[in-house]
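Peer 1: Chains as they are written, first to last, in our numbering: chain W, 90 to 618; chain D, 185 to 285; chain B, 2 to 199. Every residue, glycine too, gets a C-beta built ideally from N, C-alpha and C.
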Amino acid sequence: MDFTNLASQLNAGVILPESTVVITLLVVLVSDLLYGRASARWTPYFAIAGLLVAFGLLCLQWDQPNTLAFLGSFNADNLSIVFRSIIALSSAVTILMSVRYVDQAGSAIGEFMSILLSATVGGMFLSGAEELVMIFVSLETLSIASYLMTGYMKRDPRSNEAALKYLLIGASSSAIFLYGLSLLYGLSGGKTHLADIALALGNGTENTLALVIALVFVIAGVSFKIAAVPFHQWTPDVYEGSPTPVVAFLSVGSKAAGFALAIRLLTDAFPALIEQWHFIFTALAILSMILGNVVAIAQTSMKRMLAYSSIAQAGFVMIGMVVGTEAGYASMVFYLMIYLFMNLGAFACIILFALRTGTDQISDYAGLYHKDPFLTLALSICLLSLGGIPPLAGFFGKLYLFWAAWQAGAYGLVLLGLITSVVSIYYYIRVVKMMVVKEPQEMSEVIKNYPVISWQPFGMRPLQVGVFLTLISTSLAGILSNPLFTLVNHSVADVPMLQGHPLVARNAAEKARSPLAVVGFPINAQDKS
Amino acid sequence: MPLEFFLVLAAALFCIGIYGLVTSRNAVRVLMSIELLLNAVNLNMIAFSNYLDRQAINGQVFSIFVITVAAAEAAVGLAIILSIYRNRDTVDMEQFNLLKW
Amino acid sequence: MNLAEGVQFVSFIILAVLVIGAALGVVLFDKIVYSAFLLGGVFISIAGIYLLQNADFVAAAQILVYVGAINVLILFAIMLVNKKENYAPIPRRWIRKGSAAAVSIGLFVLLSIMLTRTHWSVDLSVASPALPIETIGEHLFSDYLLPFELASVLLLMALIGAVVLARREEIEGETTAIVGELPAPALELPERPREPVA
């Protein structure tokens, strides 16, 4: 057994960003243990710094030649770098928002952040996982951390209930997902790497029934993570019952990880069943767009409205996936980047409002403009961007998405997307109108008693920074969308699986993995031959 | 003995787990049903590893990871059940209806 | 472990009957304690099936983790939440039970047809490793190194999280709330609950 050879095959450098996050997690945990509440003054900033360092390391790894690591368990290609950056950034912004929120709830931020950071690690690894065991373990790290964060306000029955529902539905969906993976393992004759599985499945002409059942089970697990209708039932309840910063992370970071998993798993392992999974995802996209947007109109709670809006947004993103062209994937990743800023911005605003007033009813926002113009402006811009009003970032995101779908000939989907976008503009504008148009005498009780605006209390500054950052990004990302779009195009361009030529891609994948065969373990040598 | 015996046994266990998942009123029993589902998956894995992948036994390694994760999931699940029991004084799934659409 | 074919078959049948019977008991018994003990039975019988398939290490892990840890944990949880509870009867609950049973049986039929129709590339020519634990160890430190390390993060986080959620909190008074004069209720969402939907 050749140790030096093995070490070089591990190519461990590519997981440096994740290692940074893990080290940050440990430092936060240990300092919380040693210094207790006193450490809460600096650990949030340390955690954010750690996440930013991880983001910097990810940028440095852009376009590196050798992306496969850990004998093929992990692939650090440019696509995974984009997704890992989205997750790391969403986690950093979430920490900015949660300092005040967790402190006001009388809870320790240290433990909260260590759970959030481990969710981040899980999501980041999931974005690059190329192998069934790795996919499963990273998916579960993300999920279990999410259950824990959901139940973090443990004195509140709503939080308890949300956590219990999320755990039970999540654990059963991951068990179903796992059953699908075990069928894949059997059908491929004992392979666990995605490329090997695709190779062993051939063109899918034999064992079609088993393949389709495996596909359906796998998609059930994935759609749970991205909250696509009809696997969305948990979303509104969990969003309403969870601490709001957690909701922000779930709707952005966790969802991005789910999409990364969907792209990699389906394009890598199921090239043989491409029509079937495109069909299933088309149905999911249509249902999500319609149901998400229509039910959102009827909501009275801001968090629930954003829950349904996030279901609908997932439907839009899925359009990019089902058209299956390079432009489709690129626009999908681009939309997720834009969505990161605007959705986190909206959540930062409603956290600020909830902390000052203790409510998230939409009717309580009436007349906010007279008391807090800055918050009104920030929330309006984020909501309008989510609705897709030009010249904000969300408009360009949708534009690219629909344009890519139109080019690929998915006219029906584009039309449906446009119609449901108009519906969504209605309920976003309703909130904006509620805040801006009302006369002073029409103000809600809550707004009449609105506290004096002060950024002094502990933890308000980070929240202010969070609102500012997301606001600026949402306004500017639209105008400066060209470099971002070039970036995602580039990231999609070097993933062979997304080019629509499964055979070429498979050969390329084989070639890329061939050095691994020389590792010298009898098991591996046998495996590859 | 053919491979299908083990697979069908696993499928039966899986379906019993699904039934328990849907019909149980006690939250702890729902957790037990999830454990049944995971055990069905493990049975599949071990059977495949013994019949198709005899030398590399990837399936056995996979099932060890599943067992690990199942333990973590059970601990977290029971912690959540304990905290909800403190607040609501019940573990009846039908009573958990504060959040309704 | 190579038993004669007949012995293997008989032990499989016995274990399979045990697994199915105990699993049915888990979901059907009214008393949750019975279910918990029968769950232990399911786990042990499955460990026996693993032994039949040359997976001695996994069988040991199954007994140690599932029976030794998870099952005991579940029993403890049952003891902690063991208030005598008479569930309020829900009208037409049998319809839900019946449809659930129909769906499960349908799923089982579908899965069985799929499993028996599929051509599995069974390959019994290779000898299985004499000591599976050696192969497993090699796997854990070569191609499954990354998930192995990630599992440590997962377990650490589950440990912290379970403690955070399950401990009884001595709340330090937090008086820094912005809302009104009263301190915000500890460990609750700051948003007030919605009016219950009529």
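1. State the DSSP-derived secondary structure class of Ser196 (chain W), mapped to helix, strand or coil.
2. What residues from chain B crowd round Arg213 (chain D), counting only those whose CB sits closer than 8 Å?
3. Compute the Euclidean distance between the alpha carbons of Ala597 (chain W) and Leu587 (chain W), then round it to the nearest angstrom.
4. Just checking: is the beta-carbon of Ile233 (chain W) within a distance shorter than 8 Å of some beta-carbon in chain D?
5. Determine, for Phe280 (chain D), whether the minimum Cβ-Cβ distance to residues of chain B falls below 8 Å.
6. Between the segment 220-253 of chain W and chain D, which residues of the former have a C-beta closer than 8 Å to a C-beta of the latter?
7. Please say whether Lys392 (chain W) and Val301 (chain W) have beta carbons closer to each other than 8 Å?
8. Can Val111 (chain W) be considered in contact with the ligand FMN, in the sense that its beta carbon sits closer than 7 Å to one or more heavy atoms?
9. If Leu133 (chain B) and Ala56 (chain B) are in contact, beta carbons under 8 Å, what's the gap, nearest whole angstrom?
10. Tell me whether the beta-carbon of Asp273 (chain D) lies closer than 8 Å to the beta-carbon of Tyr88 (chain B).
11. With distance defined between alpha-carbon atoms, name the residue in W:Ser97, W:Leu272, W:Gly161 and W:Leu288 nearest to Ala303 (chain W).
12. Counting pairs of beta carbons, one from the segment 555-571 of chain W and one from the segment 428-441 of chain W, are three or more of them closer than 8 Å?
13. Does the beta carbon of Ala5 (chain B) sit closer than 8 Å to a beta carbon anywhere in chain W?
14. Indicate whether the contact test is met: 3 or more Cβ pairs, each with one atom in the segment 158-167 of chain W and one in the segment 127-142 of chain W, closer than 8 Å.
15. What distance in whole Å lies between the Cβ atoms of Thr281 (chain W) and Asn242 (chain D), which are believed to be in contact at a cut-off of 8 Å?
16. Anything in chain B within Cβ reach of Arg238 (chain D), meaning under 9 Å, just list it in chain order.
17. Rounded to the nearest angstrom, what separates Gln450 (chain W) and Ala231 (chain D) at their Cα positions?
18. Can you list, in chain order, the residues of its chain with a C-beta nearer than 8 Å to that of Ile137 (chain B)? Leave out the 5 residues immediately preceding and following it.
19. Using the three-state DSSP reduction, which class does Glu107 (chain W) fall into: helix, strand or coil?
20. Using a Cβ-Cβ cut-off of 8 Å, state whether Ala594 (chain W) counts as contacting chain B.
21. Taking a contact to mean a Cβ-Cβ separation below 8 Å, would you say Tyr458 (chain W) touches Leu395 (chain W) in this structure?
22. Any beta carbon of chain B sitting closer than 8 Å to that of Glu200 (chain W)?
23. Using the C-alpha atoms, what's the distance from Ala17 (chain B) back to Gln9 (chain B)?
24. Less than 8 Å between the beta carbons of Ala493 (chain W) and Ser420 (chain W), yes or no?
25. Hey, Ile379 (chain W) and Thr509 (chain W) are a contact pair by Cβ (cut 8 Å); roughly how many whole angstroms apart?
26. Run through the DSSP bridge pairs and tell me what Glu220 (chain W) is partnered with.
27. I'd like to know whether the C-beta of Pro148 (chain B) is nearer than 8 Å to at least one C-beta of chain D.
28. What does the Cβ neighbour count give for His321 (chain W), buried or exposed, with the cut at 16 atoms within 10 Å?
29. Using a Cβ cut-off of 8 Å, pull out every chain B residue sitting near Val253 (chain D), in sequence order please.
30. Which runs of the alpha helix (DSSP H) fall wholly inside the segment 497-556 of chain W and span at least 4 residues, in chain order?
31. Taking buried to mean at least 16 other C-beta atoms within 10 Å of its own C-beta, is Cys148 (chain W) buried or exposed?
32. Phe163 (chain W) and Gly217 (chain W): beta carbons closer than 8 Å?
33. Just confirm the distance between the C-beta atoms of Pro325 (chain W) and Tyr397 (chain W), as a whole number of angstroms; I'd bet it's less than 8 Å.
34. How big is the Cα-Cα spacing for Gly162 (chain B) and Gly506 (chain W)?
35. Since Val66 (chain B) meets chain D, which of its residues come closer than 7 Å, beta carbon to beta carbon?
36. Residues of chain B with CB closer than 8 Å to the CB of Thr34 (chain W), please, in chain order.
Peer 2: Concretely, from the data shown:
1. Working through the first sequence from its first residue, we reach residue 196 (chain W) at position 107. Assignment of Ser196 (chain W) by DSSP, reduced to helix, strand and coil, places it in the coil class.
2. For this step, residue 213 (chain D) is matched to residue 29 along the second sequence. Taking a Cβ-Cβ cut-off of 8 Å, the neighbours of Arg213 (chain D) in chain B comprise Val27, Val28, Ile33 and Ser36, given in sequence order.
3. Your numbering for residue 597 (chain W) matches position 508 in the first sequence. Your numbering for residue 587 (chain W) matches position 498 in the first sequence. Because the pLDDT of Ala597 (chain W) is 47, which lies under 50, any placement of that residue in the model is unreliable, and the number read from its coordinates should be weighed accordingly. If I take the Cα positions, the gap works out to 12 Å.
4. For this step, residue 233 (chain W) is matched to residue 144 along the first sequence. Contacts with chain D at 8 Å (Cβ-Cβ) include Ile233 (chain W).
5. Position 96 of the second sequence, counted from the start, is the residue given in the question as residue 280 (chain D). So no, Phe280 (chain D) is outside the interface.
6. Going along the segment 220-253 of chain W in chain order, one finds Leu221, Val222, Phe225, Val226, Glu229, Ile233, Tyr236, Leu237, Gly240, Lys243, Arg244, Asp245, Pro246, Arg247, Asn249, Glu250, Ala251, Ala252 and Leu253 with a Cβ nearer than 8 Å to chain D.
7. Residue numbering aside, residue 301 (chain W) sits at position 212 when the first sequence is read from its first letter. Residue numbering aside, residue 392 (chain W) sits at position 303 when the first sequence is read from its first letter. Not closer than 8 Å, so no.
8. What this structure holds is no ligand at all, so the ligand FMN is not there to describe.
9. Position 132 of the third sequence, counted from the first residue, corresponds to residue 133 (chain B). Position 55 of the third sequence, counted from the first residue, corresponds to residue 56 (chain B). The residue you asked about is not Leu; residue 133 (chain B) is Pro in the sequence shown. Between Ala56 (chain B) and Pro133 (chain B) the Cβ distance is about 6 Å, and since that is below 8 Å, they are a contact.
10. For the purposes of this step, residue 273 (chain D) is taken as the residue at position 89 of the second sequence. For the purposes of this step, residue 88 (chain B) is taken as the residue at position 87 of the third sequence. With contacts defined as CB atoms closer than 8 Å, Asp273 (chain D) and Tyr88 (chain B) fail to qualify as a contacting pair.
11. Counting from 1 along the first sequence, the entry for residue 303 (chain W) is found at position 214. Closest by alpha carbon: W:Leu272.
12. Contact between the segment 555-571 of chain W and the segment 428-441 of chain W is present, with at least three C-beta pairs closer than 8 Å.
13. The residue labelled residue 5 (chain B) in the question sits at position 4 within the third sequence. Taking Cβ atoms only, chain W never reaches closer than 8 Å to Ala5 (chain B), which makes this a no.
14. Taking one beta carbon from each stretch, the segment 158-167 of chain W and the segment 127-142 of chain W have fewer than 3 pairs nearer than 8 Å; the two do not touch.
15. Numbered from its first residue, the second sequence carries residue 242 (chain D) at position 58. Numbered from its first residue, the first sequence carries residue 281 (chain W) at position 192. Contact between Asn242 (chain D) and Thr281 (chain W) holds, with the beta-carbon distance rounding to 5 Å and staying under 8 Å.
16. As a first step, residue 238 (chain D) is located in the second sequence; it is residue number 54 there, counting from the start. In chain order: Asn55, Asp124, Leu125, Ser126, Val127, Ala128, Ser129 and Pro130.
17. For this step, residue 450 (chain W) is matched to residue 361 along the first sequence. For this step, residue 231 (chain D) is matched to residue 47 along the second sequence. The alpha-carbon atoms of Gln450 (chain W) and Ala231 (chain D) are separated by roughly 54 Å.
18. Sequence index remark: in the third sequence, residue 137 (chain B) carries index 136 (1-based). Answer for Ile137 (chain B): Phe58, listed in chain order.
19. The residue given as residue 107 (chain W) occupies position 18 in the first sequence. Reduced to three states, the DSSP call for Glu107 (chain W) is helix.
20. Counting from 1 along the first sequence, the entry for residue 594 (chain W) is found at position 505. Low confidence applies here, because Ala594 (chain W) scores a pLDDT of 47, under 50, leaving its location unreliable and the question unanswered by this model.
21. Numbered from 1 along the first sequence, position 369 holds the residue referred to as residue 458 (chain W). Numbered from 1 along the first sequence, position 306 holds the residue referred to as residue 395 (chain W). The beta carbons of Tyr458 (chain W) and Leu395 (chain W) sit no closer together than 8 Å.
22. For the purposes of this step, residue 200 (chain W) is identified with residue 111 of the first sequence, where counting begins at 1. Interface flag for Glu200 (chain W) against chain B is set, since a Cβ pair is found closer than 8 Å.
23. Along the third sequence, one-based indexing puts residue 9 (chain B) at 8. Along the third sequence, one-based indexing puts residue 17 (chain B) at 16. The C-alpha of Ala17 (chain B) is placed about 12 Å away from the C-alpha of Gln9 (chain B).
24. Here residue 493 (chain W) refers to the residue found at position 404 of the first sequence. Here residue 420 (chain W) refers to the residue found at position 331 of the first sequence. Going by C-beta atoms, Ala493 (chain W) is nearer than 8 Å to Ser420 (chain W).
25. Translated into positions along the first sequence, residue 379 (chain W) becomes position 290. Translated into positions along the first sequence, residue 509 (chain W) becomes position 420. In this structure Ile379 (chain W) touches Thr509 (chain W) by the C-beta definition: roughly 6 Å separates them, less than 8 Å.
26. If you number the first sequence from 1, residue 220 (chain W) lands on position 131. According to DSSP, which records beta bridges pairwise, Glu220 (chain W) is partnered with W:His282.
27. Along the third sequence, read from residue 1 onward, the residue named residue 148 (chain B) stands at position 147. The beta carbon of Pro148 (chain B) falls within 8 Å of a beta carbon belonging to chain D, placing the residue at that interface.
28. Sequence index remark: in the first sequence, residue 321 (chain W) carries index 232 (1-based). Counting other Cβ atoms within 10 Å of its Cβ, His321 (chain W) reaches 16 or more and is therefore classed as buried.
29. Working through the second sequence from its first residue, we reach residue 253 (chain D) at position 69. Simply Ala152 and Leu155.
30. Fully enclosed alpha helix (DSSP H) runs of 4 or longer: 500-525 and 534-537.
31. Against the first sequence, residue 148 (chain W) aligns to sequence position 59. Flag for Cys148 (chain W) reads exposed.
32. The sequence position of residue 163 (chain W) within the first sequence is 74, counting from 1. The sequence position of residue 217 (chain W) within the first sequence is 128, counting from 1. Yes, they are a contact pair.
33. Position 236 of the first sequence holds residue 325 (chain W). Position 308 of the first sequence holds residue 397 (chain W). Their Cβ separation, rounded to whole angstroms, is 6 Å, which keeps Pro325 (chain W) and Tyr397 (chain W) in contact under 8 Å.
34. As a working note, residue 162 (chain B) is residue 161 in the third sequence. As a working note, residue 506 (chain W) is residue 417 in the first sequence. Cα atoms of Gly162 (chain B) and Gly506 (chain W): separation of roughly 40 Å, rounded to the nearest angstrom.
35. As a position in the third sequence, residue 66 (chain B) is number 65, starting the count at 1. Within chain D, the residues whose beta carbon sits less than 7 Å from that of Val66 (chain B) are Ile251 and Ala255, listed in sequence order.
36. Nothing in the structure corresponds to residue 34 (chain W), since chain W is present only between 90 and 618.
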